[in-house]
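The C-terminal residue of the sequence shown carries number 522 in this note's numbering, and the numbering is unbroken. All C-beta atoms, glycine included, are put in the ideal place defined by N, C-alpha and C. These figures come from a predicted structure and were not determined experimentally. Here the structure comes first, spelled out in structure tokens, and everything after it is commentary.
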Amino acid sequence: MPDTLLLVNGRICHDIARGGVVDSIAFEGVEILGLGNRSDVEPLCPHPTRIVDLQGRTVLPAFSDNLARVRKTALARDWIDLSNKTNITEVFAEVEKECLLKPAGTWVRGYGWNMSQWGWHRLPHRADLDLVAPHHPVILYSGDFRIVWLNTAAILESGITHSKSHPLDDQIERDEVTGSATGIFKETAADFLEQKIPEVEPSKLYAGVLDVIQQYISMGVTRLESFGDSEEFGILRELNDQGELPIDIVVHLPYSERSTCIENEWYTGKSFGTLSIGGLWVAVDGTLVSQTARLLEPYGDDWDRFGVELTDQVEIEQAVDFCTKHRFSPVFIASGDAACRTVLRSLKSSERTPTLENRPQLVHGLLVQPEDLDLVENLNLTLTVNPCRISTDKEVGEAYLGTRWNEIIDLGGWRHSGAKIQFGSGEPLAQWSPLKAFSAATSTETGRSSRCVLTRRDGVVALTSSEEYQDNKVGGWVILSDDLERSPRENLKDVHVVATIFNGRVIFESTGLTG
Numbered sequence: 008m009p010d011t012l013l014l015v016n017g018r019i020c021h022d023i024a025r026g027g028v029v030d031s032i033a034f035e036g037v038e039i040l041g042l043g044n045r046s047d048v049e050p051l052c053p054h055p056t057r058i059v060d061l062q063g064r065t066v067l068p069a070f071s072d073n074l075a076r077v078r079k080t081a082l083a084r085d086w087i088d089l090s091n092k093t094n095i096t097e098v099f100a101e102v103e104k105e106c107l108l109k110p111a112g113t114w115v116r117g118y119g120w121n122m123s124q125w126g127w128h129r130l131p132h133r134a135d136l137d138l139v140a141p142h143h144p145v146i147l148y149s150g151d152f153r154i155v156w157l158n159t160a161a162i163l164e165s166g167i168t169h170s171k172s173h174p175l176d177d178q179i180e181r182d183e184v185t186g187s188a189t190g191i192f193k194e195t196a197a198d199f200l201e202q203k204i205p206e207v208e209p210s211k212l213y214a215g216v217l218d219v220i221q222q223y224i225s226m227g228v229t230r231l232e233s234f235g236d237s238e239e240f241g242i243l244r245e246l247n248d249q250g251e252l253p254i255d256i257v258v259h260l261p262y263s264e265r266s267t268c269i270e271n272e273w274y275t276g277k278s279f280g281t282l283s284i285g286g287l288w289v290a291v292d293g294t295l296v297s298q299t300a301r302l303l304e305p306y307g308d309d310w311d312r313f314g315v316e317l318t319d320q321v322e323i324e325q326a327v328d329f330c331t332k333h334r335f336s337p338v339f340i341a342s343g344d345a346a347c348r349t350v351l352r353s354l355k356s357s358e359r360t361p362t363l364e365n366r367p368q369l370v371h372g373l374l375v376q377p378e379d380l381d382l383v384e385n386l387n388l389t390l391t392v393n394p395c396r397i398s399t400d401k402e403v404g405e406a407y408l409g410t411r412w413n414e415i416i417d418l419g420g421w422r423h424s425g426a427k428i429q430f431g432s433g434e435p436l437a438q439w440s441p442l443k444a445f446s447a448a449t450s451t452e453t454g455r456s457s458r459c460v461l462t463r464r465d466g467v468v469a470l471t472s473s474e475e476y477q478d479n480k481v482g483g484w485v486i487l488s489d490d491l492e493r494s495p496r497e498n499l500k501d502v503h504v505v506a507t508i509f510n511g512r513v514i515f516e517s518t519g520l521t522g
């Protein structure tokens, strides 16, 4: 017989969008035995394996990270964490310390840097790193992994000489006078560099992936949508076959690997235990911080710079048609208003029929003009964002776009246009959590420049992707120390995860959970 779990005396928000709240719930294995008042639920579970007195705590459908980078996050566990460094001196100190621990010639890796946290509006230079790391190749990933910063030794190791041109030159920053690489590689050029770095042994990588999943579970997350590739899917498939994936994981695959998908008869929703295939993702442009987000008007500090077009309209339309034909959700990663407009127009003009199973997804959607929201109607579109990143990009946005930054659509505008909003990290987990995302998205800052103006109710819906837990599906649940909707604003920072439940089993609990 499967174990039974009974939760009583709580505030169980089982239907967030409609405000459905009960005080008790009973599970038997992967099934919900009952949901309602304790007097009605308790007789349905007369001999529970475990009974938990919630003592008034809030229970929500579990959280999800819809912008996960499972493999990269696992790799980054052994890298220098620069995500909380607020000035360049701190960055240099961390790099120098790591170099002292490793033999000369050994690669030094780091992640999480964000120049806006340093008060910089210019990208850093290889010469900056050469001062503290003259004898080690150094590669430092930005917070969103879309820019890498290299020193001279790393550039030489990559085979890109100072004077030689490269097919990806539009994404490699070069000195205007000498033509030498400055050490900044963006977007596709950043991906190219990964092929030049020594690989991690598989056993270490697999252990890292499992550790990352456990970290997610402690955050109340039981569903990941990871932007990976067939290699990442292979790692997760092996772990799944060994019964080591304790939560739901969806892997979005690159559109460039569509032939592999067809050969394997994969499509959106095809599952292998708790692992399943997501959509096909296409990078349309870059990011605002790197000035590769594709804009309708030029960047304010450079009137010849409009960003980078990684995928043009014809290719986008072809991707939409392919996904429609082969049962895939099209997933477009776009930040700039020009890139987002192209995606929305392509989706609007296609002959696809919007469905819940294959709904299109727009990732980031950072800069969208008000007139483009009319294109969202009836698209059944999901907007996936990191509210924390929106907050940190504000200073850069105002510097690069000036008053145009205040004209951009905020999350509330997306919500009212009919888009489903969901949250994700898009970065390693040192500084991100679902609760931080919720706090950022429901900011009380006023004015259009705030960009994050969701109500708390909408924030909880985006946090939980609650529509996944209808029709008596067990799925994941999270027990919180306080109520996200009703807790005073100043107390939100103290709300924490007490326990995580998946398929009727407690898979994480902190101190304080009784029963």
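Are residue i and residue j close, meaning C-beta to C-beta below 8 Å?
i	j	result
Pro337	Leu295	no
Val28	Leu61	no
Val115	Val98	no
Glu239	Arg78	yes
Val505	Ser488	yes
Leu130	Ile191	yes
I need the straight-line Cα distance from residue i to residue j, nearest angstrom please.
i	j	result
Asn393	Gly150	12 Å
Ser473	Ser494	Only weak support is given to the placement of Ser473: the predicted model assigns it a pLDDT of 49, under 50, and the value that follows is read from those uncertain coordinates. Approximately 20 Å between the Cα atoms of the pair.
Lys332	Phe339	17 Å
Trp127	Arg133	16 Å
Ile58	Val228	22 Å
Ile146	Trp125	19 Å
Phe152	Val513	33 Å
Gly511	Leu89	38 Å
Lys109	Ile397	36 Å
Ala448	Cys395	8 Å
Arg312	Tyr407	11 Å
Val502	Leu520	15 Å
Ala341	Gly372	6 Å
Ser263	Ser283	19 Å
Lys427	Asp465	10 Å
Gln369	His54	As written in the sequence, residue 369 is Leu, which differs from the Gln given in the question. Distance between the alpha carbons of Leu369 and His54 is about 47 Å.
Closer than 6 Å by C-beta to residue i: which residues in its own chain qualify, once you throw out the five before and the five after it? Chain order, please.
i	result
Asp22	none
Glu402	Ser123
Ile415	Leu374
Lys203	Ser165
Asp417	Arg458, Val460
Ala33	Leu13, Leu40, Gly41, Val48, Leu51, Cys52
Arg301	Asp292, Gly314, Glu316, Gly343, Ala345, Ala346
Tyr148	Tyr118, Val155
With residue i as the anchor, note down where its beta strand (DSSP E) starts and where it stops.
i	result
Glu164	Unbroken run through Glu164 is the alpha helix (DSSP H), 159-165; no beta strand (DSSP E).
Gly286	282-290
Ala341	337-341
Val502	From DSSP, Val502 is part of no beta strand (DSSP E); its letter is neither H nor E.
Arg512	512-516
Cutting at 7 Å between CB atoms, please list the residues of its own chain near residue i, excluding the five before and the five after it.
i	result
Tyr476	Note that Tyr476 scores a pLDDT of 43, beneath 50, so its modelled location is shaky; the value from the coordinates is reported in the next line. Contacts found: Pro68, Gly482.
Asn479	A caution first: Asn479 carries a pLDDT of 48, below 50, which makes its placement in the model unreliable, though a value can still be read off. For Asn479, where only same-chain residues beyond five positions count, the Cβ hits under 7 Å are Ile39.
Leu382	Leu351, Arg352, Lys355
Please list the terminal residues of the continuous alpha helix (DSSP H) segment that includes residue i.
i	result
Val4	Only positions 8 to 522 of the chain appear in this structure, which leaves residue 4 out of reach.
His423	418-423
Arg133	133-137
Thr449	Per DSSP, Thr449 belongs to no alpha helix (DSSP H) and is neither H nor E.
Ile415	Element bounds for Ile415: n/a, residue is neither H nor E.
Measuring CA to CA, which of the options is closest to residue i?
i	options	result
Ile256	Arg230, Ser517, Ala81	Arg230
Gly250	Arg352, Glu322, Asp490, Phe279	Phe279
Leu107	Leu136, Ala140, Thr80	Ala140
Asp198	Ala214, Pro261, Ile254, Asn365	Pro261
Asn385	Ser357, Pro377, Thr391	Ser357
Val216	Pro55, Pro253, Leu470, Arg181	Pro253
Leu390	Leu470, Cys330, Val321	Leu470
Ala75	Phe234, Gly307, Ile269, Val485	Phe234
Report all residues from its chain with a CB closer than 8 Å to the CB of residue i; omit the five preceding and five following residues, and keep chain order.
i	result
Asp309	Gln298
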